[in-house]
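Chains A and B, in that order, give the protein sequences.
Heads up, the first sequence is in the numbering used here, so the first residue is 1 and it goes up one at a time.
Heads up, the second sequence is in the numbering used here, so the first residue is 457 and it goes up one at a time.
Beta carbons: idealized from backbone N, C-alpha and C, even for Gly.
Scroll down for the structure; my scribbles are underneath it.
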Amino acid sequence: MAKDSIRIISPNGHLGFAPTKEESFYLGAATKPDYYCCDSGSDDIGPVPLGADKCASHPAHQYHDLELMLLKAREQGVPMIIGSAGDTGTNSRVDMYVGFIKDMAKKHNLPPFKLAYFYSEVDKEYLRNKMNNGEKIEGLDGRCDLTIEELDKTERIVAVAGVHPFIKALEMGADVIIGGRTSDACVFAAPAIYEGIPENMAYYTGKVLECASFCCEPYGAKESVIGTVTKDDVKVTAMAPFQRCTPASVAGHAMYERTNPYYEYVAGGMMDMSNCVYEQYDEKTCRITGAEFVPIDGKVKVKLEGSGFVGYRYMGMAGIRDPYTIKNIDKVLEWAKSQVKERRPDDWYEISYRVFGKNGVMGDLEPIKETKSHELLVVVEGVAKTKEVAEEVALVGTRQIFYARLPEVKGTAGTAAFVMDEVVEMSPAYTWTMDHTVEVDDPLELFPITIIEIGE
Amino acid sequence: MATKKLVDLAKTIRSKNAGTDRITFDIIFREKENYELVKKSGALTKETVCRLYGIPESRIADFVEFDPALAIKFTINRLKPSGSFGEGDVFGCQQYPPLYDIEIPVED
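Below you can see the structure in the form of structure tokens.
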């Protein structure tokens, strides 16, 4: 028997990235929502965490946010659902969150419950076979279809799940679900669909809840919101005492982080928000109607994210105060680059200079061409296939700013100031090699689910 | 004709990643009059944005007026994916400030 309405709490737009604010979470939990759902990942964080298989968030924050949700969900005996475990949703990050949940169950002596988790990493050979069979791995956002060369350059791939593995896990009786990489909205759409809410409103509910208080005003992240969804509408309510959900704040959020404000694609179809109507329902609540979901015609297309290793990376920094040197900064950097080349004529490396005070933030997009700053900070990065070369590239590329040969320089004892006269090893450089889709016969085939009993 | 700066008319001016390869810009207004004023002014268009940022029109992936949010939104293609070696803004969130100074003609 389908329920008439479902209430879902969203405590954080990216669980663990910065800690959930407790006051609004507890105010929301006191209203006893039907589901505790949260997305924990993003491709916003760049390609390094996926490539290096590590988190961008701090484990203490992840633990804190999961613990808040787990304790309240288990106290009420309602499901808790997490998508994109550990920022990237790789298998190791799913295992890490499963470990956290087990640890909490023990620590708080929780009565037994069922934990389901699914992986989302994709084996390169799976894609290679498809490509060898003539199947296209279609590029998104103007990217070309995947080539074998790009595939070979890729270190790690995750598939982005839709609602399917979550619904399956709920059908299996899961009390807690830890998901691999997931489309944010599907973490919330899945339980709504499972409870019998039509897809039109279920997906939009996910859209509006995925970033928690980003759909509220005034601006304030990491506060809880609650969505109440029926077959005809969704009402989203701010839980923080200082926030409200208004037509302006909710409509404004609907276009956040996307190319187009009307459409969003997930595995299985497209959300169409072009006929959405937003109205103030009560002081803290906005009501939305008119959302649509258009199921895909044909096979389900699953998005793939891939990150490839570029090289080891070192970084140096140089401060410049001499106005003559500032005026000639381009020449100074050319000099430093030439000195790196002289040292490493035959090795592959790249060197990057970002000059803060000139155009360090915006690079070529910076419209202000004339540097007016009285001081500059040059951030130097060197990347190479070995650590040894990368270190030397960054070191020479930084230190030679100090030795720059300008014809009329008066400061002949050094033309750069160093916070520290050393270069530091950074995470290796990676790049997004894949932002593509693959067609699948079964939307579950890339997301194997395991269910275990906790606390037995 | 008198002008006002966009920063004085809009409630929100922001930029952010839209996926790995694009940066999207949102200019959101509180008052419908200001939204309509900017929309009709011709001062915030594909062409003016390209001139301001010094990019060809081929880098504009989308430019849309979004009435439900009183917002003008455009999206540009990055030259390299976010977080690639040598890129300076992983989140794409500090690319909007040049929009502040766009001069919008207003009735005296």
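Per-residue burial, residue i [other beta carbons within 10 Å of its own, 16 or more giving buried]
i	result
Leu-535(B)	exposed
Lys-207(A)	buried
His-436(A)	buried
Cys-276(A)	buried
Tyr-324(A)	exposed
Gln-243(A)	buried
Cys-55(A)	buried
Lys-107(A)	exposed
Closer than 7 Å at the beta carbon, the chain A residues around residue i
i	result
Tyr-556(B)	Near Tyr-556(B) there are no residues of chain A at all, since even the closest Cβ is about 11 Å away, more than 7 Å.
Tyr-509(B)	Leu-365 and Pro-367
First through last residue of the beta strand (DSSP E) which encompasses residue i
i	result
Pro-561(B)	559-561
Ser-10(A)	6-10
Tyr-430(A)	429-440
Lys-301(A)	300-320
Gln-76(A)	Segment 59-76 is the alpha helix (DSSP H) holding Gln-76(A); no beta strand (DSSP E) there.
Ala-384(A)	376-384
Closer than 7 Å at the beta carbon, the chain B residues around residue i
i	result
Thr-259(A)	Ala-474, Arg-478, Thr-480, Ala-517, Asp-518 and Thr-531
Ser-352(A)	Phe-541 and Gly-542
Cys-211(A)	By Cβ distance, chain B contributes nothing, its closest Cβ being about 11 Å from Cys-211(A), past 7 Å.
Gly-46(A)	Ser-538, Gly-539 and Val-546
Beta-carbon spacing of residue i, residue j below 7 Å
i	j	result
Asn-91(A)	Tyr-119(A)	yes
Pro-47(A)	Trp-432(A)	yes
Gly-28(A)	Ser-274(A)	no
Cys-216(A)	Ala-238(A)	yes
Arg-7(A)	Ile-226(A)	yes
Gly-41(A)	Gly-89(A)	yes
Gln-400(A)	Ala-336(A)	yes
Ile-178(A)	Ile-82(A)	yes
Ala-159(A)	Leu-304(A)	yes
Val-378(A)	Val-340(A)	no
Val-187(A)	Ile-157(A)	no
Gly-360(A)	Gly-548(B)	no
Arg-313(A)	Lys-235(A)	no
Ala-192(A)	Ala-116(A)	no
Val-419(A)	Met-315(A)	no
Val-355(A)	Val-438(A)	no
Chain-ordered neighbours of residue i on chain B, where CB pairs are closer than 9 Å
i	result
Glu-381(A)	Phe-541 and Gly-542
Ala-254(A)	Phe-522, Pro-524 and Ala-525
Asp-272(A)	Per Cβ cutoff of 9 Å: no residues; Asp-272(A) is ~13 Å from chain B at best.
Contacts of residue i in chain A (Cβ-Cβ under 8 Å)
i	result
Ile-484(B)	Ala-248 and Gly-252
Thr-501(B)	Neighbours of Thr-501(B) on chain A: none; closest Cβ ~16 Å, over 8 Å.
Thr-504(B)	In chain order: nothing, as chain A lies at least about 12 Å away.
Thr-459(B)	Simply none; closest approach about 18 Å.
Endpoints, the alpha helix (DSSP H) within which residue i is located
i	result
Gly-252(A)	247-254
Cys-286(A)	Taken as a continuous stretch (DSSP letters only), Cys-286(A) belongs to no alpha helix (DSSP H), being part of the beta strand (DSSP E) at 285-289.
Asn-91(A)	91-107
Ile-326(A)	323-327
Pro-49(A)	48-52
Phe-188(A)	186-194
Neighbouring residues, chain B, relative to residue i (Cβ below 8 Å)
i	result
Arg-143(A)	Asp-477
Given 8 Å, three or more beta-carbon pairs between the region 211-219 of chain A and the region 9-21 of chain A: Using a C-beta cut-off of 8 Å, the region 211-219 of chain A makes contact with the region 9-21 of chain A, since at least three inter-stretch Cβ pairs fall below that distance.
Three-pair Cβ contact test at 8 Å for the region 262-276 of chain A versus the region 474-490 of chain B: In short, these stretches do not touch, since the Cβ pair count stays below three.
At least three beta-carbon pairs within less than 8 Å, the region 515-524 of chain B to the region 463-471 of chain B: No: the two stretches stay apart, fewer than three of their Cβ pairs being nearer than 8 Å.
Contact list for the region 395-408 of chain A against chain D, Cβ threshold 8 Å: Annotation note: the requested chain D is absent from the structure, which comprises protein chains A and B.
Validate contact between the region 459-468 of chain B and the region 443-454 of chain A using beta carbons, cut 8 Å, 3 pairs: Verdict: no, contact absent.
At least 3 beta-carbon pairs within less than 8 Å: the region 385-394 of chain A vs the region 494-508 of chain B: With the cut-off at 8 Å, the region 385-394 of chain A and the region 494-508 of chain B do not touch.
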